[in-house]
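Residue numbers (this note's numbering): 16 to 296.
All residues carry an ideal CB built from backbone N, CA and C; glycine is no exception.
For reference, the structure is listed below as structure tokens.
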DNA sequence: CTTTGGGCCTGGACGC
DNA sequence: TGCGTCCAGGCCCAAA
């Protein structure tokens, strides 16, 4: 399910298809996902021209002349794009929302677990929207740096893994990329967040930026023609160093796996963490 | 204020 | 084949 790279991949797939187009019809096939849809969502979008397909954290932001559609893919959300001329199949069980555009394109949102979310907000009030206003720095932006991360972690007693998954510290880092980033930075997921300062914080920031950027690159390669897209993982899962690899050797491992037992899995805050106890301290 | 734990949903993988 | 259990990429909220 979508972490930031997957959401960004979807955004890049959507942008050339929807920017400049106008919603002609919005089909809403159930009253809610994680939260109820705005009661007038279809009415407010139909006839509105799309200015931009944006993203903040893991939220897609479809900006129209008046309102911005705030769109979260949840755990299992997928977006399919049908360009003009494509046949749109009849709605499947979990196809909850469909957008028809004046260009003849169609966008279908599928979300079996229904942890996704859609809301509307007048564009000029977006920054004050409850879902937007307490989000921390974008991991790929210049405002996310070693000193900024160190300051955000200072005094925190929780684990660094849980801390970097807190969107107020840095947004967009989910369960997979938290493990991957910590491995790359050589930092134990169990380390107390407050002790990640100075060079460690700098290394972690670099690792997060690299891991997310590489994942976006890999995701982008799966939709070269920008015809279809989905909320899946692209090809990056083949590049996971530690995630879901308990018992395996980590990349570049030179220890005796029969003795060290390789990559370890542990549970933090009810979520799985994967790490190498020898390389991460 | 920070931190933890439960809850929201369905489906797929696995063991018996 | 079926049934139960566990697990899954996110996030909010109540409670401590």
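Check your understanding: Do residue 77 and residue 57 have their CB atoms nearer than 8 Å?
Key -> Here residue 77 is taken as the residue at index 62 of the first chain, counted from 1. Here residue 57 is taken as the residue at index 42 of the first chain, counted from 1. No, these two residues do not count as a Cβ contact at 8 Å.
Exercise for review: Would you decide whether residue 107 is buried or exposed? Buried here means 16 or more other CB atoms lie within 10 Å of its CB.
Suggested key: Numbered from 1 along the first chain, position 92 holds the residue referred to as residue 107. With fewer than 16 Cβ atoms within 10 Å of its Cβ, residue 107 is classed as exposed.
Practice item. Within the same chain, show all residues whose beta-carbon is closer than 6 Å to that of residue 20, passing over the 5 residues directly before and after it, in chain order. Key: For the purposes of this step, residue 20 is taken as residue 5 along the first chain, with counting starting at 1. In its chain, beyond the 5 residues on either side, 227, 230, 231 and 234 have a beta carbon closer than 6 Å to the beta carbon of residue 20.
Practice item. Compute the Euclidean distance between the alpha carbons of residue 156 and residue 176, then round it to the nearest angstrom. Key: Position 141 of the first chain, counted from the first residue, corresponds to residue 156. Position 161 of the first chain, counted from the first residue, corresponds to residue 176. Spanning the two alpha carbons is a distance of roughly 20 Å.
Exercise for review: Measure the C-alpha to C-alpha separation of residue 239 and residue 69 and round it to an integer number of angstroms.
Suggested key: By 1-based counting over the first chain, the position of residue 239 is 224. By 1-based counting over the first chain, the position of residue 69 is 54. Note that residue 239 has pLDDT 39, beneath the 50 cutoff, so the model's placement of it is unreliable and the number below is only indicative. Those two C-alpha atoms are separated by around 19 Å.
Practice item. Could you spell out the range, first to last residue, of the alpha helix (DSSP H) harbouring residue 168? Key: For this step, residue 168 is matched to residue 153 along the first chain. Looking at the DSSP string, the run of the alpha helix (DSSP H) that includes residue 168 is 161-168.
Check your understanding: Can residue 185 and residue 164 be called in contact, C-beta distance under 8 Å?
Key -> The count along the first chain starts at 1 and reaches residue 185 at position 170. The count along the first chain starts at 1 and reaches residue 164 at position 149. Less than 8 Å separates the beta-carbon of residue 185 from that of residue 164.
Check your understanding: Do residue 38 and residue 133 have their C-beta atoms within less than 8 Å of each other?
Key -> Your numbering for residue 38 matches position 23 in the first chain. Your numbering for residue 133 matches position 118 in the first chain. Going by C-beta atoms, residue 38 is not nearer than 8 Å to residue 133.
Exercise for review: Could you please give the first and the last residue of the uninterrupted beta strand (DSSP E) stretch that includes residue 146?
Suggested key: Reading the first chain from its first residue, position 131 is the one you call residue 146. First-last for residue 146: undefined, no H or E at that position.
Exercise for review: Evaluate residue 246 with the Cβ neighbour count: other Cβ atoms within 10 Å of its Cβ, from every protein chain shown; 16 or more gives buried, anything less gives exposed.
Suggested key: Position 231 of the first chain holds residue 246. Its pLDDT being 49, under 50, residue 246 is placed unreliably by the model, and the measurement read from it follows with that caveat. By the beta-carbon neighbour count (other beta carbons within 10 angstroms, threshold 16), residue 246 is buried.
Check your understanding: Can you check whether the CB of residue 92 is closer than 8 Å to the CB of residue 126?
Key -> Position 111 of the first chain, counted from the start, is the residue given in the question as residue 126. Position 77 of the first chain, counted from the start, is the residue given in the question as residue 92. In this structure, residue 126 sits near residue 92, with a CB-CB distance shorter than 8 Å.
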